[in-house]
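Residue numbers for the sequence shown follow our numbering, beginning at 15 and rising by one.
The structure under discussion appears below in the form of structure tokens.
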Amino acid sequence: MEATWEKVSEVLREKIGGQNVDTWFQPARFRGVNDRCAVLQLPNKFFVDWIHENHYDALLESFRSICGDVSQVVLHASAGEQGELFLKPTGRDGALATPAAAPPARRSNLMPHYTFDNFVVGASNQFAHAAALAVANQPGELYNPIFIYGGVGLGKTHLINAIGHRVLGERPQLKIGYFSAEGFMNELIAAIRQSGDRMEDFKNRFRKLDVLILDDVHVLAGRERTQEEFFHTFNVLHDSRRQIVLTSDKTPKDIRDLEARLRNRFEWGLIADIQAPDIETRIAILLKKADLENLELPHDVAIFLASKFEANIRELEGALTRLGAFASLARKPITVEFAREVLKELLHEHRVQVSIELVQKVVCDQYGVRPLDIRSAKRTKNLAFARQVAMYLSRKLAAASLATVGQRFGNRDHSTVLHGIQVIETRLRSDPAFQNHLARLERLIQGEVRA
15 MEATWEKVSE VLREKIGGQN VDTWFQPARF RGVNDRCAVL QLPNKFFVDW
65 IHENHYDALL ESFRSICGDV SQVVLHASAG EQGELFLKPT GRDGALATPA
115 AAPPARRSNL MPHYTFDNFV VGASNQFAHA AALAVANQPG ELYNPIFIYG
165 GVGLGKTHLI NAIGHRVLGE RPQLKIGYFS AEGFMNELIA AIRQSGDRME
215 DFKNRFRKLD VLILDDVHVL AGRERTQEEF FHTFNVLHDS RRQIVLTSDK
265 TPKDIRDLEA RLRNRFEWGL IADIQAPDIE TRIAILLKKA DLENLELPHD
315 VAIFLASKFE ANIRELEGAL TRLGAFASLA RKPITVEFAR EVLKELLHEH
365 RVQVSIELVQ KVVCDQYGVR PLDIRSAKRT KNLAFARQVA MYLSRKLAAA
415 SLATVGQRFG NRDHSTVLHG IQVIETRLRS DPAFQNHLAR LERLIQGEVR
465 A
């Protein structure tokens with residue numbers, strides 16, 4: 015087994031770099047492959063969390079390149095360290111399980127830690143949370159489907175799993191299925207390849223659910239056969255008033271290569287967005303996670319972390335996980351200086367931030383307008399277009415929430431900002447010259463930051 019692990023480690027080193035392998039995988043112990051599951055034992059739960067969130071896909075690919083038909087990797091925390099396993103299906107977020115050798119019967123494939131109890135509500139997600147709670151309390155009766163969209167790492171997956179847990183807790187007789195859109199597609203491909211009764215089994219698996227939770231539906235774009243099958247599955251569930259829960263990184267109308275009939279159905283129910291959290295919400299998220307992990311996190315350290323990781327909750331929580339792991343191994347208290355040292359590589363990536371003011375300056379220089387005017391109520395054609403470009407780049411490069419963008423552009427409301435961004439996104443999809451123009455603007459802005 016040692017020889018196998020050495021080969022896997024070498025492949026992994028090429029994928030994620032030697033320093034990451036030495037830091038996170040040197041203490042690992044390979045326990046073999048059982049029923050297509052590779053098992054790794056790690057020093058503690060912090061290592062499990064960090065590898066699960068940051069290096070799982072590379073780890074799985076490395077095992078496959080050496081061991082062949084490995085379907086998943088089990089990450090096992092050593093006994094005495096809140097020992098547990100993360101079992102992650104191919105292509106999507108993981109779920110807690112017991113050792114692969116003796117898995118217990120499970121009532122659902124929901125992710126255990128993602129519940130309403132540990133979801134932190136703030137201005138950025140308040141509407142989506144309220145809608146999700148309403149659906150969980152009355153599945154199939156209020157908003158069907160519920161469609162939650164937002165950027166990467168903002169809590170969409172947490173919220174839809176929370177719906178499943180609440181339904182399961184109050185109505186244990188219901189059948190609930192949580193899948194990624196990629197997982198749905200892979201299941202379909204496998205059913206087509208094997209033909210025979212497998213296709214009927216595939217249909218029954220999804221169409222007999224009481225609650226279907228499908229993550230990242232934008233992945234279906236351009237996949238004609240998968241869209242066809244999901245269209246029929248959607249109809250069966252909706253017609254029988256069974257709940258459908260969907261997430262995406264964009265609104266239905268902005269998903270390119272999505273069939274009109276599916277887009278139309280996605281818009282039947284309620285559409286809710288999740289935005290980047292404000293600093294108060296980020297601090298609350300950190301303190302909640304630290305409490306769940308039995309980690310002593312001083313408030314000044316929470317403020318420090320929240321000020322450095324602004325746009326992605328997953329990155330924020332990953333930084334806390336890394337900090338907890340190093341503090342546990344070094345047996346040191348967590349302080350701001352300790353955090354600065356442990357997270358220096360991550361902070362290096364985040365230290366140079368694009369500001370909305372810089373975006374406005376560069377865009378105004380290019381379009382020959384004044385920053386004062388771009389923030390005003392004036393609506394001349396040239397000024398309005400420059401404003402839309404600046405709002406789009408502020409959202410993309412400064413990772414600012416819609417609310418923040420609106421505030422910095424003359425206290426414009428959420429819908430005005432969203433419309434401006436969508437105008438630019440629509441033109442980008444059909445105008446190569448404009449794509450090049452915007453790419454040049456981005457380079458100018460990033461060049462100003464590095465100067």
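By construction, the Cβ of each residue, glycine as well, lies at the ideal position given by its N, Cα and C atoms.
Quick caveat, the model's predicted, so the values are computed rather than measured.
Next on the checklist: Does Gln55 come out as helix, strand or coil in the three-state DSSP assignment?
Outcome noted: strand
Checklist entry - Going along the chain, which unbroken runs of the alpha helix (DSSP H) with 4 or more residues stay wholly within the stretch 306-374? => result 313-322, 327-344, 350-356 and 358-364
Checklist entry - Between which two residues does the beta strand (DSSP E) carrying Arg43 extend? => result Per DSSP, Arg43 belongs to the beta strand (DSSP E) from Arg43 to Asn48.
Item to check | Cβ-Cβ distance between Val431 and Leu452 below 8 Å | outcome: no
Checklist entry - By how many angstroms is the C-alpha of Val377 removed from the C-alpha of Gln449? => result 15 Å
Checklist entry - Do you know offhand how far Ser23's Cα is from Val53's? => result 14 Å
Item to check | Proximal residues to Thr171 (C-beta, below 8 Å), its chain only, five neighbours per side dropped | outcome: Here the set comprises Asp107, Met125, Tyr128, Asp229 and Thr261.
Item to check | First and last residue of the uninterrupted beta strand (DSSP E) at Val87 | outcome: Gln86 to Ala91
Checklist entry - Using the beta-carbon count (16 or more within 10 Å), is Val350 buried or exposed? => result exposed
Next on the checklist: For the stretch 174-193 against the stretch 204-215, do three or more pairs of beta-carbon atoms, one drawn from each stretch, fall closer than 8 Å, so that the two count as touching?
Outcome noted: Under the three-pair Cβ rule at 8 Å, the stretch 174-193 does not count as touching the stretch 204-215.
Next on the checklist: For Asn249, count the other beta carbons within 10 Å of its own beta carbon; 16 or more makes it buried, fewer makes it exposed. Which is it?
Outcome noted: exposed
Checklist entry - First and last residue of the alpha helix (DSSP H) that includes Tyr70? => result Tyr70 to Cys81
Next on the checklist: Does the structure place the stretch 290-299 close enough to the stretch 127-142 that three or more beta carbon pairs sit under 8 Å?
Outcome noted: yes
Next on the checklist: The alpha helix (DSSP H) that contains Leu223, what's its start and end?
Outcome noted: First-last for Leu223: undefined, no H or E at that position.
Checklist entry - Can you round the beta-carbon distance between Leu372 and Gly338 to whole angstroms, since I take them to be within the 8 Å contact cut? => result About 34 Å; that fails the 8 Å criterion.
Next on the checklist: For the stretch 392-399 against the stretch 256-272, do three or more pairs of beta-carbon atoms, one drawn from each stretch, fall closer than 8 Å, so that the two count as touching?
Outcome noted: no
Checklist entry - Taking only beta-carbon atoms, is His232 less than 8 Å away from chain C? => result Absence of chain C from the displayed structure is noted, only one protein chain being present.
Item to check | Cβ separation of Asn326 and Val166, assumed to be a contact under 8 Å, to the nearest whole Å | outcome: 6 Å
Next on the checklist: Using 8 Å as the threshold, is the C-beta distance between Leu62 and Ala91 below it?
Outcome noted: The question names Leu, but residue 62 in the sequence shown is Val. Contact flag set, yes.
Checklist entry - Could you give the distance in angstroms between the alpha-carbon of Pro153 and the alpha-carbon of Gly191? => result 13 Å
Checklist entry - Whose C-beta lies closer than 8 Å to the C-beta of Pro41 among residues of the same chain, with five residues either side of it excluded? => result Leu56, Pro57 and Phe61
Next on the checklist: Ile160 and Ala146 - do their beta-carbons sit closer together than 8 Å?
Outcome noted: If you check the CB distance, Ala146 and Ile160 come in under 8 Å.
Next on the checklist: Contact defined as beta carbons within less than 8 Å: I believe Ile388 pairs with Ala412. What is the distance between those atoms, to the nearest angstrom?
Outcome noted: Contact doesn't hold; Cβ gap of about 15 Å is too wide.
Item to check | 7 Å CB neighbourhood of Lys375 in its chain, flanking five on each side removed | outcome: Pro385
Checklist entry - Residues bridged to Gly164 by DSSP? => result Checking the DSSP bridge columns, you'll see Gly164 partnered with Ile288.
Checklist entry - Taking the Cβ atom as the reference point for each residue, do Leu89 and His66 lie within a distance shorter than 8 Å? => result yes
Checklist entry - Rounded to a whole number of angstroms, what is the C-alpha to C-alpha distance between Leu330 and Val356? => result 14 Å
Checklist entry - What first and last residue would you give for the alpha helix (DSSP H) that runs through Gly183? => result Lys170 to Glu184
Checklist entry - Any idea if Gly382 is buried or exposed, counting beta-carbon neighbours within 10 angstroms, 16 or more meaning buried? => result exposed
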